[in-house]
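Residue numbers (my numbering): 110 to 228.
Even glycine gets a Cβ: it sits at the ideal position worked out from N, Cα and C.
For clarity, every value in this text was computed on a predicted model and none was experimentally measured.
Each remark here refers to the structure printed beneath this line.
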């Protein structure tokens with residue numbers, strides 16, 4: 110409980126910022142190997158029911174299927190490797206690629222501009 114009270118202000122101050130989603134940032138800030146800790150529990154990563162069926166149906170549509178996420182590339186890779194869900198997406202865009210979290214008002218305009226200019 111004491112650790113939570115101590116860390117809560119630090120967590121709160123990063124909400125809405127790209128650092129909130131960055132394993133490297135939290136590893137430095139907390140002096141912990143966050144990716145190592147995630148790797149230790151990676152056996153818990155599973156695909157929820159009906160996700161594969163949904164993505165298969167979506168893949169049959171004429172639309173491109175993109176995953177746009179705030180997830181840090183390292184953590185995302187840790188999830189994609191055992192699930193193989195990356196195979197269902199035409200594009201996977203991580204917000205650090207654009208330098209802004211998805212909830213930032215300029216994120217979507219910047220994504221559109223980069224896509225139109227060939228990324």
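Item, Value
"If you follow the beta strand (DSSP E) that residue 175 is in, where does it begin and where does it stop?", "175–178"
"Report the CB separation of residue 125 from residue 212 in whole angstroms; it is logged as a contact under 8 angstroms.", "6 angstroms"
"Hey, is the stretch 201–210 in contact with the stretch 177–191, meaning 3+ C-beta pairs nearer than 8 angstroms?", "yes"
"Can you list, in chain order, the residues of its chain whose CB lies under 6 angstroms from that of residue 129, leaving out five sequence neighbours each side?", "123"
"With a threshold of 8 angstroms, are at least 3 pairs of Cβ atoms found where one atom belongs to the stretch 185–193 and the other to the stretch 149–168?", "yes"
"Roughly how many angstroms separate the alpha carbons of residue 217 and residue 223, rounded to a whole number?", "10 angstroms"
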